[in-house]
């Protein structure tokens, strides 16, 4: 799994590609934490090139969606691939997805 | 020559075994030209169950054997995962309510939901000192092995 970052002011986009399995979820968590510590007000996790996500990845997204929200900031998922979108929707994560940034 | 209709992947309870599990599944999927959707569903169920075994099945640090068997018939892929960990009937767990808003959704607990949701049939059995989880995933179209 690879993660690229694009920063525009207070908004940070994380472009995640490949498998978000148990190991990938740990890596994504580290990147989100680093981005939060850098003072990001908005984090967009772009999952267009992610080919797989499991419950460990969902846990990371939910945990930091909530932490960001509690500090009046946002973390959202953008452009999920079809495979990832199916898992997000099945798990009740639809409200975390935004169509466009 | 016909492709083998079943394959057994023998693993130990170590996270570094994950790639071998995936390679075994991908080889089987390629050999039988399974659709992307079927392969993805099995991948998800195996990942979730293997993770649960690693996290919860054993109290000791010893190496334990986990056997994963994939078998094809003309309508479905049959999957059986065998471990010698503590008894764990995932079907006895309360169902996750996915309609709960993100604000109050519990963190974690979605793994079993994803196994059950991605498969067409799930059955648990405890035999002797072992857990057997049997899964069935319908083929969306007939396999093209041969």
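Chains as they are written, first to last, in the working numbering: chain A, 359 to 459; chain B, 36 to 181. All C-beta atoms, glycine included, are put in the ideal place defined by N, C-alpha and C.
Checklist entry - By how many angstroms is the C-alpha of residue 109/B removed from the C-alpha of residue 402/A? => result Residue 402/A and residue 109/B have their C-alpha atoms roughly 43 Å apart.
Checklist entry - Is the segment 135–142 of chain B touching the segment 74–82 of chain B, taking contact as three or more C-beta pairs under 8 Å? => result Contact between the segment 135–142 of chain B and the segment 74–82 of chain B is not established, with fewer than three Cβ pairs separated by less than 8 Å.
Item to check | Partners in chain B for residue 421/A, counting only beta-carbon separations shorter than 7 Å | outcome: Per Cβ cutoff of 7 Å: 142.
Next on the checklist: So, at 8 Å on beta carbons, what are the nonlocal neighbours of residue 145/B in its own chain, with the 5 sequence-adjacent residues on each side left out?
Outcome noted: Answer for residue 145/B: 131, listed in chain order.
Checklist entry - Helix or strand or just coil, what does DSSP make of residue 377/A? => result Looking at residue 377/A - three-state DSSP - the assignment turns out to be strand.
Checklist entry - At a Cβ threshold of 7 Å, is residue 436/A touching chain B? => result By this cut-off, residue 436/A is not an interface position.
Item to check | Pairwise C-alpha distance: residue 171/B and residue 396/A | outcome: Rounded to whole angstroms, the separation of the alpha carbons of residue 171/B and residue 396/A is 46 Å.
Checklist entry - What residues in the segment 68–100 of chain B bring their beta carbon closer than 7 Å to a beta carbon of chain A? => result From the segment 68–100 of chain B, only 75, 78, 79, 82, 83 and 86 have a Cβ closer than 7 Å to chain A.
Checklist entry - According to DSSP, is residue 96/B helix, strand or coil? => result Three-state DSSP puts residue 96/B in coil, outside helix and strand.
Checklist entry - Could you give the distance in angstroms between the alpha-carbon of residue 427/A and the alpha-carbon of residue 435/A? => result Taking the CA atoms as reference points, residue 427/A sits about 14 Å from residue 435/A.
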